[in-house]
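A quick write-up on the structure given underneath.
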Amino acid sequence: MTTACPTLRVADFATESIAIDQLATRGYVIVPNFLAREQCSQLYHYAQHLEPQAWQQAGIGRADNYTTNTAVRQDKIRWLQSDFPYENAYLEMMDQLRLDLNRELFMGLFDYECHLAHYPPGAFYRKHLDAFKGRSNRILTTVFYLNSDWRKQDGGQLVIYGDNGEVLETVLPEAGKLVVFLSDVFLHEVLAGSRDRYSITGWYRLNTSIGGFIDPTR
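Residue numbering for the sequence shown follows my numbering, beginning at 1477 and increasing consecutively.
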């Protein structure tokens, strides 16, 4: 695995009027080809070649309420850190997107946290919200996909639901695709797939910290 620091260039998301309008009016947007194929491939191979101990079983809840429950969620995760070149490159790219979103939509996004997610064959994540109104500072969820040549029959789709339980989108996890949605609005789930599936899930947050403590903690 190379340790050279990659350069990831964010797509010109903020000036794409359609993407901005969709996020502002619908509360979610799907951006194909957010990164070039070569850059996606770099991130994919980085994730693929991480040592097993670099991953942890994903859980549900946060802080004192955090627990693992494989009946609800079966992926493994790795929180991205700025100490690792590939991870830092992604974090820097998404921080630039944070600045763009604040400039275009005046959202007041303060910071960003994210993790790699590995769904082995058969793994799923049942229907859930990423935040609850008035109880979290997570504002926007982002999901970025790394697998190339993903087909419909491979499964692993992200399903986004509307207010009445209707399916709004069934998103094929294709390399380079970015999904952004309001964290406390859209129920969603990850369907089981037949292949190892890699993605990066993150959250833009508001600053509701007091006395130097991040609210909520990871």
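Note that the Cβ used here is the ideal one computed from N, Cα and C, for glycine as well.
For residue i, name the three-state secondary structure that DSSP assigns.
i	result
Ala1512	coil
His1521	helix
Gln1557	coil
Asp1587	strand
Arg1671	coil
Thr1544	coil
Arg1579	helix
Ala1607	coil
Glu1527	coil
Arg1502	helix
Leu1567	helix
Ala1593	strand
Among the options, whose alpha-carbon lies nearest the alpha-carbon of residue i?
i	options	result
Leu1648	Leu1484, Arg1673 and Gln1498	Arg1673
Lys1628	Asn1578, Gln1529, Tyr1504 and Arg1671	Arg1671
Thr1544	Leu1585, Glu1645, Tyr1601 and Gly1503	Tyr1601
Gly1678	His1521, His1525, Ile1553 and Asn1509	Ile1553
Val1507	Gly1535, Ser1517, Leu1519 and Ser1493	Ser1493
Arg1513	Asn1683, Thr1617, Glu1650 and Leu1667	Glu1650
Gly1631	Gly1652, Val1656 and Leu1667	Leu1667
For residue i and residue j, which I take to be in contact (beta-carbon distance under 8 Å), what is that distance rounded to the nearest angstrom?
i	j	result
Arg1574	Tyr1588	6 Å
His1664	Val1635	6 Å
Asp1660	Leu1605	6 Å
Val1656	Leu1499	6 Å
Return the chain-ordered ranges of every beta strand (DSSP E) run that is complete within the stretch 1636 to 1660 and spans a minimum of 3 residues.
1643 to 1647 and 1654 to 1658
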